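Read in order, the letters of the sequence shown are residues 1 to 318 in the UniProt record's numbering.
The beta carbon of each residue, even a glycine, is placed where N, CA and C say it ideally should be.
Bear in mind that the values here come from a model prediction, so they are computed numbers and not experimental data.
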Amino acid sequence: MAAAAAGAAATVLAPTFVAPSTGATAGAMAMGTTPAKVSQASSAPGAVVGAGAAAMVAAAAVRPTKRSAKKVVRMATATDVDVDTECINAIRFLAVDAVNKANSGHPGAPMGQAPIGYLLFAEEMQHNPQDSKWVNRDRFVLSSGHGCMLQYSLLHLAGYESVSMDDLKQFRQWGSKTPGHPENFETDGIEVTTGPLGMGISNAVGLAAAEAHLAAVYNKPDMPLIDHYTYTIAGDGCMQEGISHEACAYAGHLGLGKLIAFYDDNGQHGRECHPEGHQGGQGLHGQAHAHQGEDDHRLRVPQQGGQPRCPWRPAGCR
Numbered sequence: 001m002a003a004a005a006a007g008a009a010a011t012v013l014a015p016t017f018v019a020p021s022t023g024a025t026a027g028a029m030a031m032g033t034t035p036a037k038v039s040q041a042s043s044a045p046g047a048v049v050g051a052g053a054a055a056m057v058a059a060a061a062v063r064p065t066k067r068s069a070k071k072v073v074r075m076a077t078a079t080d081v082d083v084d085t086e087c088i089n090a091i092r093f094l095a096v097d098a099v100n101k102a103n104s105g106h107p108g109a110p111m112g113q114a115p116i117g118y119l120l121f122a123e124e125m126q127h128n129p130q131d132s133k134w135v136n137r138d139r140f141v142l143s144s145g146h147g148c149m150l151q152y153s154l155l156h157l158a159g160y161e162s163v164s165m166d167d168l169k170q171f172r173q174w175g176s177k178t179p180g181h182p183e184n185f186e187t188d189g190i191e192v193t194t195g196p197l198g199m200g201i202s203n204a205v206g207l208a209a210a211e212a213h214l215a216a217v218y219n220k221p222d223m224p225l226i227d228h229y230t231y232t233i234a235g236d237g238c239m240q241e242g243i244s245h246e247a248c249a250y251a252g253h254l255g256l257g258k259l260i261a262f263y264d265d266n267g268q269h270g271r272e273c274h275p276e277g278h279q280g281g282q283g284l285h286g287q288a289h290a291h292q293g294e295d296d297h298r299l300r301v302p303q304q305g306g307q308p309r310c311p312w313r314p315a316g317c318r
């Protein structure tokens, strides 16, 4: 996306489950969960979620909350890897338990994308669970909407009242607020409805374009009224659709530097998805590189030894 989709080459290939530590942190223990309860993730999801919620609060307490006007990536000044692990695993196990209960859904995407989602909601994004319509909030769009348990888990753990534990238990049930794909008219905190591949990243381009337009119209040198980012997670299926290519070209044309895209690579490259000799045979890595362009403002969660890590953080995110 040229300078628009910084970080479009982020890869989540092989999610690795990390068992919650037996030595729970003070933040994780604040809600009365014992180490034994924390370690029994599949059999006691409530205990793990409680620990994860408390850990997310504890993690946020040690990180800066004010974004520099010229800063694209906010660097964490302090981190607790144990707290991060508890939070990420809480997201993963919520997704697994909900999918298992519904006997339907996609657990793989939430498990692999959990570190990205946690990083955005706990550290990077400006948002207010008590005011989900705040005009200057950062926008999050899950283009790979089939992995919506990631978004529901994040909303619940971040404190959005629109997604309760009971709502998570009703995942993919008739009339629930947690349908099989995100729907903004059903669930408060969902920016746009996604599902058809490529639609989410295209909507994200539109949101970023709207931010750029409003900033140009209303911002003054000493009063930046409009200043927010748009984050999206897109899979290789999204990048195989024509709508995503047109939207990305449009984003590059406008130079949307506040559009941050994460590319979730499932290994389905051109040779698996296109006839031999088709242009798609160049592979999706080439597309992501082309969209990324030469912009140095890249937000990545690369792989090392099968585990995501965050190189811009002091201790990494493993």
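Indicate whether residue i and residue j have their beta-carbon atoms separated by less than 8 Å.
i    : j    : result
L142 : C148 : yes
F140 : Y231 : yes
S144 : A215 : no
S244 : G206 : no
I190 : Q126 : no
C87  : A122 : yes
G257 : F171 : no
A210 : L259 : no
L254 : A204 : no
What does DSSP give as the partner residues of residue i in its beta bridges?
i    : result
F140 : Y231
M223 : K220
Y263 : A234
Mind reading off the beta-carbon distance from residue i to residue j? Whole number of angstroms is fine, and I expect it under 8 Å.
i    : j    : result
Y160 : P129 : 5 Å
D188 : S176 : Rounded, the Cβ-Cβ distance is 14 Å, inconsistent with contact.
Quick one: residues in its chain with C-beta nearer than 8 Å to the C-beta of residue i, no 5 flanking neighbours on either side, listed in chain order?
i    : result
Q173 : A102
I91  : G52, P110, A114, G117, Y118, L150, S153, L154, L157
If you drop the 5 nearest sequence neighbours on each side, which residues of the same chain put their C-beta closer than 7 Å to that of residue i?
i    : result
W134 : N128
A95  : P107, P110, M111, M149, L150, S153
G195 : G145, H181
Go through its chain and collect everything with a Cβ distance to residue i's Cβ below 6 Å, but skip five positions before and after it.
i    : result
N136 : H228
S132 : D188, G189
P221 : none
The segment 221-228 contacting the segment 177-192, beta-carbon criterion three pairs below 8 Å: Counting C-beta pairs closer than 8 Å gives fewer than three between the segment 221-228 and the segment 177-192, which falls short of the contact rule.
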